[in-house]
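Q: Pasting in a structure now, in structure tokens, and then I'll have a few things to ask.
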Amino acid sequence: MTALARRAFQGVVDNAYLLLILAPLMWGGNAVAGRLATLDWQPFTLTSARWLCAVIYLLPFAIGPLKRDWPILKSNLWLLFMLGGFGMAMFNLFMYWALSYTTAINVSIEQASMPMLIMLANFIFLSQRVRWLQIMGLLLTLFGVLVTATAGEPGRFLSEGLNRGDAIMLVGCLFYAGYTFGLRWRPAIHWMSFMWVISLSAFTITIPFAAWELAQVGFTMPSLGGWGVLVYVIIFPTLISQLAFARGVELIGGNRAGLFVNLVPIFGSILAVLILKEQFQWFHLVGLILVLAGITLAEKAAVKTA
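If you read the sequence shown in the UniProt record's numbering, its first letter stands for residue 1, the second for the next number, and so on.
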């Protein structure tokens, strides 16, 4: 690497704001990739292939940290497998499944419900104090998701329920909220050990789903574009985004870095319009505004509580 390239690389890894914009951009692209994948991949098979490739790719880098962390890993394997199962396996499995039935824009906006679900879990299971502003934020966010999922007719929910894809995605969000809630008990191990073990967990848990799917519909060799989607979801949402976000947290702290996660529905919606040519309808805008307003209210209240 030349001196100029080294300086450029160092400039990127030391720029917290650039890293914290790139991470949600890649996560937003995951919904678009999942929608594109429906042309070539079955959702469960894609999820399993993604984590198998991640396990293989990460192993050479993880061997050293795994050896050093083994005494801690050994006593926390069940916790780590649960975290990988909830956050990496089930969330992505449900998201890719949902994208067979709904738009990438809907999925992107519905992901924004996760901070509110995490707040709710903290209240229910840890009895954390909740302020009225946080309750208002929760209700605004949930209403925004409902507006999006019912195409601007929330009254339809009472008579018809949710679209199948939107309902599946919201179940996936519950799994990811459970993963984030569980991170408070993450053992003090090297981040590479953590990534490899939860990737292995995700792959292991998705095997029976993929096996069932392949038994039902068989396997068709993906096109070149289908392989490209797999490469994207392995390199960007799985690996680089995690590194970028972790470095951003290291540079400016978790509280400030967490605000950038709110960019995921914005980037996801923009990419869906640009790449998939999906129509950004008025109810998407209303839903997005309600969701972001709800998150902002809740975060302001959380700062006051702290």
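Here a beta-carbon is modelled for each residue, glycine too, at the ideal position from N, C-alpha and C.
Per DSSP, what kind of secondary structure is Leu36 in: helix, strand or coil?
A: The count along the sequence shown starts at 1 and reaches residue 36 at position 36. Leu36: helix per DSSP, three-state reduction.
Q: Helix, strand or coil for Asn106 per DSSP?
A: Residue mapping note: residue 106 aligns to position 106 of the sequence shown, counting from 1. For Asn106, the secondary structure class from DSSP, reduced to helix, strand or coil, is helix.
Q: Please confirm whether Thr150 and His284 have their CB atoms less than 8 Å apart.
A: Mapped onto the sequence shown, residue 150 falls at position 150. Mapped onto the sequence shown, residue 284 falls at position 284. Contact flag unset, no.
Q: Which whole-angstrom value is the C-beta distance of Leu290 and Gly144, which I expect to be below 8 Å?
A: Position 290 of the sequence shown, counted from the first residue, corresponds to residue 290. Position 144 of the sequence shown, counted from the first residue, corresponds to residue 144. Separation of the CB atoms of Leu290 and Gly144 is rounded to 3 Å, and the pair is thereby assigned contact status at 8 Å.
Q: Does the beta-carbon of Gly225 have 16 or more other beta-carbons within 10 angstroms, so that it is buried, or is it exposed?
A: Numbered from its first residue, the sequence shown carries residue 225 at position 225. Exposed, since its Cβ has fewer than 16 Cβ neighbours within 10 Å.
Q: When you compare the stretch 196–216 with the stretch 36–55, are there three or more beta-carbon pairs, one atom per stretch, that lie closer than 8 Å?
A: yes
Q: Using C-beta distances below 6 Å, list every residue in its chain close to Val55, excluding the 5 sequence neighbours before and after it, in chain order.
A: In the sequence shown, the residue the question calls residue 55 occupies position 55. These residues qualify, in order along the chain: Ser199, Leu200 and Phe203.
Q: Which residues in the same chain as Met28 place their Cβ atom closer than 7 Å to its Cβ, once the five residues preceding and following it in sequence are excluded?
A: Start at 1 with the first residue of the sequence shown, and residue 28 comes out as number 28. Note on identity: in this sequence residue 28 is Gly, with Met being the wrong assignment. Contacts found: Ser108, Val264, Phe267, Gly268 and Leu271.
Q: Go ahead and label Gln134 buried or exposed: buried means 16 or more other beta carbons lie within 10 angstroms of its beta carbon, across all protein chains shown.
A: For this step, residue 134 is matched to residue 134 along the sequence shown. Answer is buried; the Cβ neighbour count reaches 16.
Q: Quick one: measure Cβ to Cβ for Val32 and Ile275, integer angstroms, because I've assumed they're closer than 8 Å.
A: Here residue 32 corresponds to residue number 32 of the sequence shown, with the count starting at 1. Here residue 275 corresponds to residue number 275 of the sequence shown, with the count starting at 1. With 8 Å as the limit, Val32 and Ile275 qualify as a contact, their Cβ atoms being about 5 Å apart.
Q: Can you give the beta carbon distance from Met169 to Leu58, rounded, assuming they're within the 8 Å contact cut?
A: On the sequence shown, residue 169 is found 169 positions in, with the first residue counted as 1. On the sequence shown, residue 58 is found 58 positions in, with the first residue counted as 1. Contact doesn't hold; Cβ gap of about 27 Å is too wide.
Q: Of the choices Lys67, Gly228, Leu79 and Gln281, whose alpha-carbon is the least far from that of Trp185?
A: Walking along the sequence shown from the start, residue 185 turns up at place 185. When only C-alpha atoms are compared, the closest one is Leu79.
Q: Check this for me: beta carbons of Val233 and Arg50, under 8 Å apart or not?
A: Here the question's residue 233 lines up with position 233 in the sequence shown. Here the question's residue 50 lines up with position 50 in the sequence shown. Their beta carbons are under 8 Å apart, which means Val233 touches Arg50 by this criterion.
Q: Within a Cβ cutoff of 7 Å, which residues of the same chain sit near Trp282, ignoring the five residues on either side of it in sequence?
A: One-based indexing of the sequence shown puts residue 282 at position 282. Cβ within range, chain order: Gly152.
Q: Below 8 Å between beta carbons: does that hold for Ile72 and Pro187?
A: Sequence index remark: in the sequence shown, residue 72 carries index 72 (1-based). Sequence index remark: in the sequence shown, residue 187 carries index 187 (1-based). Remark: C-beta atoms of Ile72 and Pro187 approach each other more closely than 8 Å.
Q: Between which two residues does the alpha helix (DSSP H) containing Ile235 stretch?
A: Locating residue 235 in the sequence shown gives position 235, where the first residue counts as 1. In this chain, Ile235 is not harboured by any alpha helix (DSSP H), its DSSP state being neither H nor E.
Q: Measuring only the C-alpha atoms, how far is Phe260 from Leu214?
A: Locating residue 260 in the sequence shown gives position 260, counting from the first residue. Locating residue 214 in the sequence shown gives position 214, counting from the first residue. Using only the alpha carbons, I get a separation of about 38 Å.
Q: Contact criterion: CB-CB distance below 8 Å. Does Leu290 meet it with respect to chain C?
A: Annotation note: the requested chain C is absent from the structure, which comprises a single protein chain.
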